[in-house]
Amino acid sequence: MLPLVMLFFVSCQNRSGPAQQKKMAIIVSTLNNPWFVFLAQTAAAQAKTLGYESKIFDSQNNTALETDNFENAIASGYNAILFNPTDANGSVVNVQKAKKAGVPVFCMDREVNSPDATCQIFSDSYSGCVSLAKYFVQTLNKKGNYVELLGLVADNNTWARSKGFHSLVDYYPGLKMVAQQSADFDRNKGLEVMESILQAHPDIDAVFAGNDAMAMGAYQALVAAGKANHVKVFGFDGAEDAIQAIKDRKISATAMQFPKVMAQTAANYADAYFKGKRDFPKKIPVAVELVTYDNVNDYIAYGKK
Amino acid sequence: MIKKAIKYILAIVLVLFIASNSIYFKKLSDVKASVVKQFDAAKYARNYLNTQLIPYAGKAPQADELLALLKSSPDNAFKAYSHGLDIGNIRFFMVQGQGTVTAVDENDVYVLTGDNQTIKIAMEYIFGNALRDAPGLININDFTNTMDLNNIAAEVDKIVRAEILPPFKNKVKKGDKISFAGAFELNQEHINLDKIEVIPVMLKIK
Chain A
58 MLPLVMLFFV
68 SCQNRSGPAQ
78 QKKMAIIVST
88 LNNPWFVFLA
98 QTAAAQAKTL
108 GYESKIFDSQ
118 NNTALETDNF
128 ENAIASGYNA
138 ILFNPTDANG
148 SVVNVQKAKK
158 AGVPVFCMDR
168 EVNSPDATCQ
178 IFSDSYSGCV
188 SLAKYFVQTL
198 NKKGNYVELL
208 GLVADNNTWA
218 RSKGFHSLVD
228 YYPGLKMVAQ
238 QSADFDRNKG
248 LEVMESILQA
258 HPDIDAVFAG
268 NDAMAMGAYQ
278 ALVAAGKANH
288 VKVFGFDGAE
298 DAIQAIKDRK
308 ISATAMQFPK
318 VMAQTAANYA
328 DAYFKGKRDF
338 PKKIPVAVEL
348 VTYDNVNDYI
358 AYGKK
Chain B
8 MIKKAIKYIL
18 AIVLVLFIAS
28 NSIYFKKLSD
38 VKASVVKQFD
48 AAKYARNYLN
58 TQLIPYAGKA
68 PQADELLALL
78 KSSPDNAFKA
88 YSHGLDIGNI
98 RFFMVQGQGT
108 VTAVDENDVY
118 VLTGDNQTIK
128 IAMEYIFGNA
138 LRDAPGLINI
148 NDFTNTMDLN
158 NIAAEVDKIV
168 RAEILPPFKN
178 KVKKGDKISF
188 AGAFELNQEH
198 INLDKIEVIP
208 VMLKIK
């Protein structure tokens with residue numbers, strides 16, 4: 058009951074608050090991953106450039122904590138939420154809560170399965186993985202055994218990446234997926250899962266990982282097993298160590314995301330909302346670019362170049 | 008005694024209330040109708056290809072003119088002719104042209120145009136968003152589900168692979184004079200014209 062009372066007072070406050078006091082809450086799934094730290098800090102920097110106060114809230118990959126963050130942000134009078142969801146379904150209730158309180162929500166990088174978010178700005182993971190898959194097929198000459206490491210199973214990005222990849226690779230019967238397992242987008246889990254897969258399937262030619270952290274973990278496992286020179290590793294993100302690993306010919310390719318574009322667009326849209334704009338597109342995909350040894354010098358981590 | 012009876016009546020009312028709110032009935036026809044309403048990407052793609060993409064391909068810029076503009080004034084070329092549903096560097100162009108086949112390999116047919124420019128036409132990797140995005144005719148705001156858009160691109164590509172490619176691929180050889188129309192992808196931040204590969208939507212051996 059208490060949160061509802063608080064929400065009522067906060068929503069009244071939102072409507073009457075003077076424009077110069079507007080502030081943005083930045084709620085991110087985790088600050089335990091440098092990619093999301095960069096996303097959050099870029100959003101905060103853009104809010105500051107636009108003249109707004111902001112605060113970063115860490116949900117620690119926990120939807121219950123995310124709910125607390127939303128309640129705190131709404132109760133503390135934040136006028137917009139720049140949101141990186143923890144769970145496409147589990148985060149819906151939080152978005153609805155903000156909508157009820159009259160606080161717009163601009164999703165960054167990850168989607169929620171709800172039309173209540175004001176706008177969702179996310180990487181076009183599916184299309185990025187179609188490009189990556191083409192390079193994967195070309196690199197393997199259309200044949201070989203491979204392993205797929207999936208991210209968090211509750212995250213839409215996990216499946217968008219996997220579906221994009223398979224939408225092309227599955228046309229080539231010479232390419233056989235011998236194992237598909239989740240490693241939660243985590244480097245250590247990527248290492249552990251890959252070690253265990255190698256016990257059962259020592260004869261593999263490639264690994265497709267749903268993000269660079271898992272790709273780097275898998276690469277470590279392959280080094281330990283003495284297979285790093287033969288097995289090609291493909292990641293997704295454009296993280297710093299992956300870009301360096303491509304330069305060093307340790308991993309074959311990644312798909313570069315642009316967290317800066319997503320964070321800045323979210324903050325700019327919140328600014329536009331404060332100034333009266335309401336007709337936002339519900340979803341805005343941001344193009345993802347294939348990075349290989351041939352073009353790696355065009356890029357630096359997180360698409361900053 | 009009366010108190011007990013009231014208690015039982017209240018309990019029964021409560022149980023009936025909960026039970027009546029736990030069960031709901033829907034007409035079978037309504038359920039079937041909601042299933043039917045699911046987006047049919049294959050049907051959409053077929054209609055898009057026949058009524059929008061192919062007619063648009065006939066109005067696409069000529070390859071020689073477009074490539075010349077991309078070399079001399081890339082900003083103007085991107086502004087005038089490129090489209091894309093995503094924001095960012097990846098953009099798509101429609102193009103048409105004529106020329107002589109100089110080589111055929113496993114993945115591509117190479118065509119020399121009137122202005123002596125070699126254009127690669129994809130025969131193997133017909134995938135991605137080029138044919139969906141290049142004409143700029145699809146509005147992202149018409150779709151609430153991102154996967155519907157992905158499926159449209161996949162279905163358009165599937166039609167090209169199954170129907171447009173085979174009759175051409177089986178006959179084409181070095182020295183043939185051909186005409187073509189299609190779409191290609193270009194990164195506007197890192198322009199590399201040598202990497203252009205046209206995904207065809209119209210192919211004709213003269």
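Top to bottom, those sequences are chains A and B. 58 is the number of the first residue of the first sequence in the working numbering; add one for each residue after it. 8 is the number of the first residue of the second sequence in the working numbering; add one for each residue after it. Built from N, CA and C at the ideal position, the CB exists for glycine as well. Treat the numbers as computed from the prediction; the structure is a model and nothing was measured.
Integer-rounded CB distance, given that residue j should sit under 8 Å from residue i
| i | j | result |
| --- | --- | --- |
| V331 (chain A) | K79 (chain A) | The question names Val, but residue 331 (chain A) is Phe in the sequence shown. Sure, about 5 Å apart at Cβ, within 8 Å. |
| N170 (chain A) | N146 (chain A) | 5 Å |
| N114 (chain B) | E131 (chain B) | 4 Å |
| A278 (chain A) | L255 (chain A) | 6 Å |
| G267 (chain A) | Y359 (chain A) | Actually they are not in contact, since the Cβ atoms of G267 (chain A) and Y359 (chain A) sit about 17 Å apart, beyond 8 Å. |
| L200 (chain B) | L119 (chain B) | 15 Å between Cβ atoms; not a contact. |
| E192 (chain B) | I133 (chain B) | Their Cβ separation, rounded to whole angstroms, is 13 Å, which puts E192 (chain B) and I133 (chain B) out of contact at 8 Å. |
| A190 (chain B) | M209 (chain B) | The Cβ separation is near 11 Å, so there is no contact. |
| Q105 (chain B) | S186 (chain B) | 5 Å |
| A299 (chain A) | A272 (chain A) | 6 Å |
| Y356 (chain A) | M313 (chain A) | 6 Å |
| Y203 (chain A) | V264 (chain A) | 7 Å |
| A110 (chain B) | K181 (chain B) | 6 Å |
| D142 (chain A) | L92 (chain B) | The amino acid occupying residue 142 (chain A) in the given sequence is Pro; Asp does not appear at that position. About 22 Å separates the two Cβ atoms, so there is no contact after all. |
| A190 (chain A) | F222 (chain A) | 5 Å |
| K199 (chain A) | L232 (chain A) | 7 Å |
| V102 (chain B) | D183 (chain B) | No, V102 (chain B) and D183 (chain B) are not in contact; Cβ-Cβ is about 19 Å, not under 8 Å. |
Unbroken alpha helix (DSSP H) run spanning residue i, endpoints
| i | result |
| --- | --- |
| V34 (chain A) | As shown, chain A starts at 58 and ends at 362. That puts residue 34 (chain A) outside it, with no answer to give. |
| L248 (chain A) | R244 to A257 |
| P218 (chain B) | This structure cannot speak to residue 218 (chain B), because chain B is shown only from 8 to 213. |
| V226 (chain A) | N213 to V226 |
| Y326 (chain A) | P316 to F331 |
| M154 (chain B) | T153 to I166 |
| T124 (chain A) | T120 to A132 |
| Y276 (chain A) | D269 to A281 |
| I300 (chain A) | E297 to K304 |
| F93 (chain A) | P91 to T106 |
| P174 (chain B) | L172 to K176 |
Three-state secondary structure assigned by DSSP to residue i
| i | result |
| --- | --- |
| E205 (chain A) | strand |
| A358 (chain A) | helix |
| E145 (chain B) | Before going on, a small fix: residue 145 (chain B) reads as Ile here, not Glu. The answer is coil: DSSP assigns I145 (chain B) none of H, G, I, E or B. |
| H287 (chain A) | coil |
| P68 (chain B) | coil |
| F179 (chain A) | strand |
| S309 (chain A) | coil |
| T143 (chain A) | coil |
| K213 (chain B) | coil |
| L64 (chain A) | Per-residue confidence for L64 (chain A) stands at a pLDDT of 44, beneath the threshold of 50, marking its modelled position as unreliable; the derived number appears in the next sentence. L64 (chain A): helix per DSSP, three-state reduction. |
| K334 (chain A) | coil |
| T87 (chain A) | coil |
| F134 (chain B) | coil |
| Q45 (chain B) | coil |
| F150 (chain B) | coil |
| K10 (chain B) | helix |
| Q153 (chain A) | helix |
| A84 (chain B) | helix |
| V169 (chain A) | coil |
Residue i - partner residues in DSSP beta bridges
| i | result |
| --- | --- |
| L197 (chain A) | Answer by DSSP bridge pairing: none, since L197 (chain A) is not bridged. |
| A190 (chain B) | B:M101 and B:I206 |
| F265 (chain A) | A:E205 and A:F291 |
| S111 (chain A) | A:M81 |
| V187 (chain A) | None; V187 (chain A) has no bridge partner. |
| T107 (chain B) | B:L119 and B:K184 |
| T125 (chain B) | B:L119 |
| A137 (chain A) | A:M81 |
| H90 (chain B) | B:F99 |
Delimiting residues of the beta strand (DSSP E) encompassing residue i
| i | result |
| --- | --- |
| M234 (chain A) | L232 to S239 |
| K340 (chain A) | K340 to V343 |
| D115 (chain B) | D115 to L119 |
| T349 (chain A) | E346 to T349 |
Interface flag, residue i vs chain C, CB-CB below 8 Å
| i | result |
| --- | --- |
| H197 (chain B) | In the structure shown, chain C does not exist; the protein chains are A and B. |
Contact test: residue i Cβ vs the ligand ATP heavy atom, cutoff 7 Å
| i | result |
| --- | --- |
| F85 (chain B) | Of ligands this structure carries none, so the ligand ATP is not represented either. |
The region 303 to 311 of chain A in contact with the region 284 to 292 of chain A per 3-pair CB rule at 8 Å: yes
Contact between the region 150 to 166 of chain A and the region 122 to 129 of chain A (3+ Cβ pairs under 8 Å): yes
Stretch-stretch touch, CB-based, cutoff 8 Å, three pairs: the region 174 to 189 of chain A with the region 133 to 151 of chain B: yes
The region 190 to 208 of chain A in contact with the region 170 to 180 of chain A per 3-pair CB rule at 8 Å: no
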